[in-house]
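Engineer: Numbering (this note's numbering), first residue to last: 79 to 319.
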Amino acid sequence: MMKLSGNKNTSALLLIVLVAALLFALYYYVVLPKKDQAASLESSKAALQTEIATLQEQQALMEAQASLPQESNITTLRKKLPASREIDQLLLNLEEIEYITQSRILSIGFNSYDTLVSESGIVPVPEEEVATEEAAEGQNDAVEEETMVDGESVEVETPVSQIAAETLPPELKLITFNLEIAASEYEDLLQFIEEIENLERIMHIDSISYTLPGEEEAFMEEAEALNASVQVTTFYYEGES
Numbered sequence: 079m080m081k082l083s084g085n086k087n088t089s090a091l092l093l094i095v096l097v098a099a100l101l102f103a104l105y106y107y108v109v110l111p112k113k114d115q116a117a118s119l120e121s122s123k124a125a126l127q128t129e130i131a132t133l134q135e136q137q138a139l140m141e142a143q144a145s146l147p148q149e150s151n152i153t154t155l156r157k158k159l160p161a162s163r164e165i166d167q168l169l170l171n172l173e174e175i176e177y178i179t180q181s182r183i184l185s186i187g188f189n190s191y192d193t194l195v196s197e198s199g200i201v202p203v204p205e206e207e208v209a210t211e212e213a214a215e216g217q218n219d220a221v222e223e224e225t226m227v228d229g230e231s232v233e234v235e236t237p238v239s240q241i242a243a244e245t246l247p248p249e250l251k252l253i254t255f256n257l258e259i260a261a262s263e264y265e266d267l268l269q270f271i272e273e274i275e276n277l278e279r280i281m282h283i284d285s286i287s288y289t290l291p292g293e294e295e296a297f298m299e300e301a302e303a304l305n306a307s308v309q310v311t312t313f314y315y316e317g318e319s
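#1: Could you have a look at N305 and say whether DSSP puts it in helix, strand or coil?
#2: Is it the case that the segment 151-165 contacts the segment 259-274, given that we only count it when at least three CB pairs across the two stretches are under 8 Å?
#3: What is the rounded straight-line gap between the Cα of T254 and the Cα of E174?
#4: With distances taken Cα to Cα, identify the nearest neighbour of E316 among A90, A161 and L92.
#5: For N276, is the classification buried or exposed, using 16 other Cβ atoms within 10 angstroms of its Cβ as the cut-off for buried?
#6: So, L304 versus Y288, is the Cβ gap smaller than 8 Å?
#7: Taking buried to mean at least 16 other C-beta atoms within 10 Å of its own C-beta, is T312 buried or exposed?
#8: In whole angstroms, give me the CA-to-CA distance for A400 and S185.
#9: Report the partner residues of T311 according to the DSSP bridge assignment.
#10: Compute the distance between the beta-carbons of L159 and I259, then report whether it is under 8 Å.
#11: How would you label D114, buried or exposed, when you count the other beta carbons within 10 angstroms and need 16 or more for buried?
#12: Please state the DSSP three-state secondary structure of R182.
#13: Give a yes or no on whether the C-beta atoms belonging to I183 and L257 are separated by under 8 Å.
#14: Between Q137, L252, A125 and K123, which has its C-alpha nearest D36's C-alpha?
#15: Terminal residues of the continuous alpha helix (DSSP H) containing Y106?
#16: When DSSP labels each residue in this structure, what does S118 get in the three-state scheme?
#17: State the Cα-Cα distance for the pair Q309 and L168, rounded to the nearest angstrom.
#18: Is DSSP giving E205 helix, strand or coil here?
#19: Which of helix, strand or coil does DSSP assign to K287?
#20: Anyone know if the C-beta pair for D266 and Q180 falls short of 8 Å?
#21: Can you look up A131 in the DSSP assignment and give me helix, strand or coil?
#22: Using DSSP bridges, identify the partner residues of F188.
#23: Mapping the DSSP letters down to three states, classify L96 as helix, strand or coil.
#24: According to DSSP, is S90 part of a helix, a strand, or is it coil?
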């Protein structure tokens, strides 16, 4: 009887050990990897949420910045191509250039302010000599207008731009003007031209002509070194940006 009872106890103990081993194996090989996988997924989820939040912040920042350059570009464009004639600002710029270059503007002659490019006297692109002759005739037939020269009103020929009509949008309006300049040195005249070209507003130098003093004038202390005539065309656009 004692031997039979001992065998039963041993069998029960072995069964308990076997069940414990199975439970441990189940936990170690099934449950524990699942827990590690779940923890890894939670970590990945948190990292993904952080990345999404970062991307959303970057998108919001990019959208905010995208509107700023557009406004800045419009402002820059309007400085280059104003919505009105802005003659007062143009004259102020010329006065500043006159002071910087130590030159003297003797006279300014403007053409009609509100002329569209499509309606203006802009010379077309010449294909043959006939076109050149027609352009010359158009310039000779230009309407004369009054211009202030040293405080006196005189009749001058209306300037006509030499820009090719095919190169400009027809909706643009242009202002063409002649400047009679007196400069003490040739370098001052060059600087005057460069300052005009460097203005924020678009300026196109149509033509430049100058005369040097004669030998007698060269020895006169008060004589100007040279006089120059500069024709300039600028533009404006009244439409929406």
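Note that the Cβ used here is the ideal one computed from N, Cα and C, for glycine as well.
Bear in mind that the values here come from a model prediction, so they are computed numbers and not experimental data.
Structural biologist: Looking at the coordinates:
#1: strand
#2: no
#3: The alpha-carbon of T254 is positioned some 19 Å away from that of E174.
#4: A161
#5: exposed
#6: Yes; because the gap between Cβ atoms is below 8 Å, this pair is in contact.
#7: buried
#8: Past the boundaries of the shown model lies residue 400; the chain is included only from 79 to 319, so the question cannot be answered.
#9: T254 and H282
#10: no
#11: exposed
#12: strand
#13: yes
#14: This structure does not reach residue 36, given that the chain is present from 79 up to 319, and the question cannot be answered.
#15: Element bounds for Y106: n/a, residue is neither H nor E.
#16: helix
#17: 14 Å
#18: Note that E205 has pLDDT 45, beneath the 50 cutoff, so the model's placement of it is unreliable and the number below is only indicative. E205: coil per DSSP, three-state reduction.
#19: Note that residue 287 corresponds to Ser in the displayed sequence, not to Lys. In the structure shown, S287 sits in a strand (DSSP, three-state: E or B).
#20: yes
#21: Here DSSP, grouped into helix, strand and coil, assigns A131 to helix.
#22: BP columns for F188 point to F255.
#23: helix
#24: The question names Ser, yet the displayed sequence has Ala at residue 90. In the structure shown, A90 sits in a helix (DSSP, three-state: H, G or I).
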